[in-house]
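Visitor: All residue numbers for the sequence shown refer to full-length UniProt numbering, where the first residue is 1 and numbers rise by one. Each residue gets a CB set at the ideal place from its N, CA and C atoms; glycine is no exception.
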Amino acid sequence: MSDYDDETPDEPEAETYYPNVYMWVEHWLLPHWKRDVTQSQWDPRWWEYTEVLSRFEALWRAWEFLRLEGPTGMAVFFRDYLDTAMPLITASDGPFWRVEKLARERTLPEQWKSELPPPEEMADLV
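(1) Start and end of the alpha helix (DSSP H) containing Phe56?
(2) Does DSSP put Gly73 in a helix, a strand or coil?
(3) Leaving out five residues before and five after Ala14 in sequence, what residues of the same chain have Cβ atoms less than 6 Å from its Cβ?
(4) In angstroms with no decimal places, state the Cα-to-Cα distance between Trp28 and Gln41.
(5) Just tell me which of Glu57, Trp46, Asp43, Pro118 has its CA closest to the CA of Asn20.
(6) Report the option in Glu69, Leu116, Pro44, Glu121 whose CA atom is closest to the CA atom of Pro95.
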């Protein structure tokens, strides 16, 4: 048993309104987040960017939870989640920073390089 195991049984996962993050972005997020496209960066193939996919997945999960949290749930979602994440995602120095504003030419940035520590140090991490 690891330190992350607890004695409480897993709760069943709540049923979601949208089956996946892709449908949520297409049918909820984009219709609700409309901004001047000349002032923001965007790529229609957003799902190719690991950071964007991860952030949208987190936003979708938060939305799914907060939509059921009573009359102020969605206000909390906008204030604490959407209004802070979207400016980061669509910023000129955000994940879409290489998307040309005029031509909207898509070029994915290279992933930062990383090296694994030596095996003896990896053993200390486990």
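Guide: Reading it off the structure:
(1) 50-66
(2) helix
(3) none
(4) 19 Å
(5) Glu57
(6) Pro44
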